[in-house]
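Visitor: So for the sequence shown, UniProt numbering puts the first residue at 1; every next one is plus one.
Just dropping this structure here.
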Amino acid sequence: MTYLEETKAAGREIFPDLARAFALIGIALVNVAIFSHPMTTGYANLQGADQWASFGVNSFFLLKSYTLFSFMFGVGFAYQMMAAERRSVGFAGRYWRRILGLLILGLLHVALAFQGDILVIYAILGCFLFLFRKASAKTLVKWGIGLYALQFVVMLSAFSLFWLGATFAPEQMAAELELNAASADTARQAFGEGGFADALVQRFADWSMVLVGGLFMQGIGAMAFFVFGLAAVRYEAISDPRKPVWKMFRRYFLPIGVAGSMWGGWLMASSGSGEMSIDLLAGMTVITLFSPFSTAGYLGLIAKWAEVPEGRVKVFLARGGTASLTAYILQSVVFSLVFNNYGLGLYGQVGALGCTAIALVVGFGSVSLMSLWRKRFSRGPLEVILRGWTYLGAR
1 MTYLEETKAA
11 GREIFPDLAR
21 AFALIGIALV
31 NVAIFSHPMT
41 TGYANLQGAD
51 QWASFGVNSF
61 FLLKSYTLFS
71 FMFGVGFAYQ
81 MMAAERRSVG
91 FAGRYWRRIL
101 GLLILGLLHV
111 ALAFQGDILV
121 IYAILGCFLF
131 LFRKASAKTL
141 VKWGIGLYAL
151 QFVVMLSAFS
161 LFWLGATFAP
171 EQMAAELELN
181 AASADTARQA
191 FGEGGFADAL
201 VQRFADWSMV
211 LVGGLFMQGI
221 GAMAFFVFGL
231 AAVRYEAISD
241 PRKPVWKMFR
251 RYFLPIGVAG
261 SMWGGWLMAS
271 SGSGEMSIDL
281 LAGMTVITLF
291 SPFSTAGYLG
301 LIAKWAEVPE
311 GRVKVFLARG
321 GTASLTAYIL
331 QSVVFSLVFN
341 NYGLGLYGQV
351 GALGCTAIAL
361 VVGFGSVSLM
371 SLWRKRFSRG
381 PLEVILRGWT
391 YLGAR
């Protein structure tokens, strides 16, 4: 069967697959900075075209791609429950096996390629998502709004604490920034000069910061969009891209989100680097506030495009989106080989504009390769492995 025939036969829609494809491209654009430069300092001396490239990525993709991906995780959760109900089989056993599979894949992802892995955090948050499986759509929306409001409060608190420290305890803050600089030097040695074993050790050292910081600085927001995705299926909005809510999102939410995010992106770019500063944290706080509006607007635009399923480019991208797990891991493998010393050794050698160009190639390339793969195979390679583990003996 063709992709569209297969999608229709399975009772799915092209809308979520398109959203996954766009999320994957955005994730590549954001993640490339972590692969190419130290996490604690980011790009250094942003000027000219590099500064504009950083501004563009932060304005249009930072804290939007992960929320879009998280929204689709909630949609997938709902689809899994519905499939279990249709087949009159137990859902809980299969779901917990899937969560364990994500956890294992995430740890392997960290070890082999990427310290900024999201799969482990998704596995942890997925445990809490299970508690919402019987909640009504209205309850889910309320929880989603509340969780994201909490995420903004956490981000605002982090900014406030940094501002207080910089204002009233500048010597202590300077000492902390020196520790960040020392950590960056260690990362440069491991990724830019060391071998695979050095990179593996450094990845886990960085990942310890990602896991703790990620759960608080992004995890709460990801949980909110898990819940929003589940609510969208309950409202039957995913199955009908013509629903008025999508028009409202692209007409009203999109301009608010983009304008606010550009303000935050400009604050971040004006800081001149990725090193922690008042301007950088202020920009991230502003983007945290406005990114839900951008994400909703992006979903509205994707829904508009998905109203008519046919179209070569549309089908090509959507088909690639069906193998999002494999595409996500593939991006990390390619980035690690491009930037680490055991690959091309470009760590710290490419500016923001060059990294953005590389990320566009890798992002579109990963989706394209998975689309071509799916023309011959029913699922992506990692999807086959995870599905086989999920359904193994579960009842």
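C-beta: ideal position from N, C-alpha, C; glycine also.
Model, not experiment: these values are computed from the prediction.
What is the residue span of the alpha helix (DSSP H) that T356 lies within?
Guide: Taking the sequence shown and counting its residues from 1, one reaches residue 356 at position 356. 352-376 is the extent of the alpha helix (DSSP H) around T356.
Visitor: Along the alpha helix (DSSP H) that carries M284, what are the first and last residues, could you check?
Guide: The residue you call residue 284 lines up with position 284 of the sequence shown. Per DSSP, M284 belongs to the alpha helix (DSSP H) from 278-306.
Visitor: Enumerate in chain order the residues of its own chain whose CB-to-CB distance from M276 is below 6 Å, with the five nearest sequence positions on each side excluded.
Guide: Sequence index remark: in the sequence shown, residue 276 carries index 276 (1-based). Excluding residues within five positions, none has a Cβ falling inside 6 Å.
Visitor: If I follow the unbroken alpha helix (DSSP H) through D17, where does it start and stop?
Guide: Position 17 of the sequence shown holds residue 17. Segment 14-36, the alpha helix (DSSP H) holding D17.
Visitor: So, for S267: in the same chain, excluding its five sequence neighbours on each side, which residues have a beta-carbon less than 7 Å away from its beta-carbon?
Guide: Taking the first residue of the sequence shown as 1, we reach residue 267 at position 267. At residue 267 the sequence reads Leu, which differs from the Ser that was named. Taken in chain order, the residues that qualify are D279, A282, G283, V286.
Visitor: Using 8 Å as the threshold, is the C-beta distance between R250 and G300 below it?
Guide: Position 250 of the sequence shown holds residue 250. Position 300 of the sequence shown holds residue 300. Contact: yes.
Visitor: Evaluate E193 with the Cβ neighbour count: other Cβ atoms within 10 Å of its Cβ, from every protein chain shown; 16 or more gives buried, anything less gives exposed.
Guide: Translated into the one-based positions of the sequence shown, residue 193 becomes position 193. Exposed, since its Cβ has fewer than 16 Cβ neighbours within 10 Å.
Visitor: In the DSSP assignment, find the alpha helix (DSSP H) that holds I99 and state where it starts and stops.
Guide: Your numbering for residue 99 matches position 99 in the sequence shown. Its alpha helix (DSSP H) spans residues 92-112.
Visitor: How many Å lie between N31 and A19 at the Cα?
Guide: Here the question's residue 31 lines up with position 31 in the sequence shown. Here the question's residue 19 lines up with position 19 in the sequence shown. Approximately 18 Å between the Cα atoms of the pair.
Visitor: Under 8 Å, with one C-beta from each stretch per pair, do the stretch 335-347 and the stretch 377-388 reach the 3-pair mark?
Guide: Touching, no.
Visitor: Tell me whether G116 sits in a helix, a strand or coil according to DSSP, three-state version.
Guide: The sequence position of residue 116 within the sequence shown is 116, counting from 1. Three-state result, G116: coil.
Visitor: Suppose you measure from the CA of A394 to the CA of R376; what does that come to, to the nearest Å?
Guide: By 1-based counting over the sequence shown, the position of residue 394 is 394. By 1-based counting over the sequence shown, the position of residue 376 is 376. In this prediction, A394 scores a pLDDT of 48, lower than 50, which makes its location untrustworthy; the coordinate-derived value is nonetheless stated afterwards. So the alpha carbons of these two residues sit roughly 28 Å apart.
Visitor: How far does the alpha helix (DSSP H) with K134 in it reach, from first residue to last?
Guide: Working through the sequence shown from its first residue, we reach residue 134 at position 134. Element bounds for K134: n/a, residue is neither H nor E.
Visitor: Measure the Cβ-Cβ separation of V120 and L103 and say whether it is below 8 Å.
Guide: The count along the sequence shown starts at 1 and reaches residue 120 at position 120. The count along the sequence shown starts at 1 and reaches residue 103 at position 103. Yes, the pair counts as a contact, with Cβ atoms nearer than the cut-off.
Visitor: With a threshold of 16 other CB atoms inside 10 Å of the CB of V110, please say whether the residue is buried or exposed.
Guide: On the sequence shown, position 110 is the one that residue 110 refers to. Burial call: buried.
Visitor: Exposed or buried, D17, counting other C-beta atoms within 10 Å across all chains shown (16 or more means buried)?
Guide: Within the sequence shown, numbered from 1, the residue matching residue 17 stands at position 17. D17 is buried by the Cβ-count criterion.
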